[in-house]
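If you read the protein sequences in the order shown, they are chains A and B.
For the first sequence, the working numbering assigns the number 55 to the initial residue and increments by one for each residue that follows.
For the second sequence, the working numbering assigns the number 11 to the initial residue and increments by one for each residue that follows.
Note that beta-carbon positions come from the ideal geometry of N, C-alpha and C, so glycine has one too.
Have a look at the structure below, then the notes.
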Amino acid sequence: MIKSQKNMTKRHKLTTRLWHWVNALCLLVLVMSGLTIFNAHPRLYWGEYGSSDDYAWAAVGSSQTLGYVRLGETKIETTGFIGNWRDSNGQIQKWAFPGWATIPSYYSLAEGRRWHFFFAWIFSVGLAFFMIRSMFNRHVQKDLHISRAEWRPSNILRDVENHLRLRFHETGSVNIYNILQKFSYVGVIFILLPLMIFTGLAMSPAMDANWPWLTDIFGGRQSARSIHFIGMSLLVLFFIVHMITLLLAGPFKQTWAMVTGGKREDSDHA
Amino acid sequence: MRKMLTRRTLIATGALGAGSLLSGCDALSRSQTFQNILGSAEDANFLVQRALGDRMELASEYSINDLSPKFRANGTRDPGTPDYAASAAQGFADWQLRLTGLFKKPQIFSLAALLSMPQRTQITRHDCVEGWSAIGQWTGVPLKLLLDLAQLQDSAKFLVFHCADRLGGRPYYESIDLLDAFHPQTIMAHRLNGESVPIENGAPLRLRVERQLGYKHAKYVTGIEAVATLDNVGEGKGGYWEDVGNYEWYAGI
Ligand code: HEM
């Protein structure tokens, strides 16, 4: 009894904390090893097929002196960063993403794939476990569920305003997350992360034989690859926003809370 | 005490995160033990992907309107040996496919003999490990028909495909297990998009094993050897890229 009361006053449950850090490590490895895989063929297509002779809606280009990203008909020069960059020995490299952003830092498609699929398993099992556990320990219902009142435009607007004024802790609120936080966390956990798993599986020729509908849902294997990449970009964006809000809301206290559990600021839950 | 511990874990995690992820990953990546640990995901992929289907599930087939305008070639584009050039010069009339190893009745098929057997035509998507895909129409003899004639011995567990091309001085080879060998879409293809397979795509004969990535689809095939284990072929990992480049033997993803 006492134990459960103690748990209730923690800001973050043990499962949430464990998953948070395991997931953070997995995502870091998945993004970086994914970029190694991308370097093998830095072009994205739409539809079922797509190869060097077909139209790519996005592609990285390299020449002796330039690196650029082409999106549709727009070319963006990225020399020094993407497509043409210097490695730690000062050598010019023309792989799409630079060594500091990939695992391993040198180009090896086989090793990148090993890292990717090993961590894909930990990531997927971890996510499934966290989702199920969060239903049963009521993390979803209590902390992530968006109530009728919260859906009210006035509430959403007020929260946007709070964010713009860099006010992150509303005193007196019974929720540990505000509405914008809830939107982004629910969006990432229940839409974006599962999407990464399903688009990943949709690219597998064996899964395509097992579950052809999966590849079809995404409009073909190359579309699935494009969506996988866009999903990765959205996750990186989420990470950046996550870090900015963390810095503004008090990085030490917040990180510490995610490690030790922290405290709920209200007494309603005790 | 508790605080100390967590602080230590925090620092350790931070150090591990920053330090080992950036440089240490390379060291880990180069260690064979660690490669083997990461490689265990291959076993998991293999078991789960095989368990999910009814094992003879067909890869998606497409219509003639879905063909890639150009079917990309990769790897060897021309074996370039005098023997191969001589054979190509006469339209591969002298090409032979030898079934050797653990067969009850080893066989030698000429190209003409293969062409006179029942054929299967399928429009499938070829997925390269690099990430691109191409859709092509393949015609060939179902491998099962050849195996029925040569009759596998009970001890046979894998088929090894020997090829006429060499990469970096080594002969190209690949291998599959018997489940894929008897799969209805596994064919020895000699036509691509209605014409003889071009040299860059593996003339005159290439394997199609549709539920796996491109490097499994051996080109320029001269022989099929039935074996009990892959240990004694090449460096023992089951294929050229598996031996040379650490690619997975199971290429279902
Ligand atoms: C959320 C975590 C993940 C991230 C950030 C990520 C990122 C990436 C990136 C950037 C690539 C490069 C090619 C591309 O853009 O599609 C890639 C490739 C790939 N990923 Fe992921 N991935 C994640 C999870 C997964 C999972 C869970 C699976 C397996 C189910 C998976 C399977 C694959 C496959 C099969 C490829 C190779 C595609 C190709 O041949 O180019 N990924 N990933």
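- For F44(B), the enclosing alpha helix (DSSP H) covers residues Q42 to L62.
- Assignment of C138(B) by DSSP, reduced to helix, strand and coil, places it in the coil class.
- Taken in chain order, the members of the segment 258-277 of chain A whose beta-carbon sits within less than 8 Å of a beta-carbon on chain B are S258, P259, A260, M261, D262, A263, N264, W265, P266, T269, R275 and Q276.
- Under DSSP, D187(B) shares a beta bridge with F168(B).
- Remark: C-beta atoms of L217(B) and F171(B) approach each other more closely than 8 Å.
- Following the DSSP letters along the chain, one finds K307(A) inside the alpha helix (DSSP H) bounded by residues P305 to T314.
- Ranking W154(A), D262(A), F172(A) and L198(A) by CA distance to the CA of N232(A) puts L198(A) first.
- By the CB criterion at 8 Å, C80(A) and G153(A) fall outside the cutoff.
- Per the coordinates, the alpha-carbon of L89(A) lies some 14 Å from the alpha-carbon of M250(A).
- DSSP places H74(A) in the helix class (H, G or I) of the three-state scheme.
- In the three-state reduction of the DSSP assignment, P152(B) falls in the strand class.
- With respect to the C-alpha of M66(B), the residue from G255(B), A199(B) and P194(B) having the closest C-alpha is P194(B).
- For R279(A), the shortest C-beta to heavy atom distance toward the ligand HEM is below 7 Å.
- In this structure, A228(B) keeps its C-beta atom at 8 Å or more from the C-beta atom of G111(B).
- Between T253(A) and F272(A), the beta carbon gap of about 6 Å places them in contact (Cβ cut-off 8 Å).
- In the displayed model, T239(B) falls within coil according to three-state DSSP, outside both helix and strand.
- For R279(A), at least one C-beta of chain B is nearer than 8 Å to its own C-beta.
- Counting the other CB atoms within 10 Å of its CB gives T239(B) a total below 16, which places it among the exposed residues.
- For G262(B), the shortest C-beta to heavy atom distance toward the ligand HEM is 7 Å or greater.
- Contact between G146(B) and L189(B) does not hold, since the beta-carbon distance rounds to 24 Å and is not under 8 Å.
- The three-state reading of DSSP puts V123(A) in strand, counting E and B together.
- With respect to chain B, the C-beta atom of Y160(A) has a partner C-beta closer than 8 Å.
- The beta carbon of N211(B) does not come within 8 Å of any beta carbon belonging to chain A, so the residue lies off that interface.
- According to DSSP, R130(B) shares a beta bridge with G150(B).
- For the 8 Å CB-CB criterion, E210(B) and A83(B) form a contact.
- At least one CB atom of chain B sits nearer than 8 Å to the CB of Y103(A).
- Only those residues of the segment 165-180 of chain A whose C-beta falls short of 8 Å from the nearest C-beta of chain B are listed: E165, R167, R168, W169, F171, F172, A174 and W175.
- L153(B) sits close to A191(B), with the two beta carbons spaced by under 8 Å.
- Per DSSP, E131(A) lies in no alpha helix (DSSP H) segment; the continuous beta strand (DSSP E) that holds it begins and ends at T128 to E131.
- Relative to I197(B), the option among Q132(B), S165(B), Y230(B) and G179(B) whose CA is nearest is Q132(B).
- Contacts with chain A at 8 Å (Cβ-Cβ) do not include K167(B).
- Secondary structure at D108(A): coil, using DSSP grouped into helix, strand and coil.
- With distances taken between CA atoms, V76(A) lies nearest to F177(A) out of R192(A), G274(A) and F177(A).
- Straight-line measurement puts the Cα of G315(A) at about 6 Å from the Cα of K67(A).
- Taking 8 Å as the cut-off, the Cβ atoms of Q106(B) and I118(B) count as close.
- Bridge pairing for P181(B): R176(B) [DSSP].
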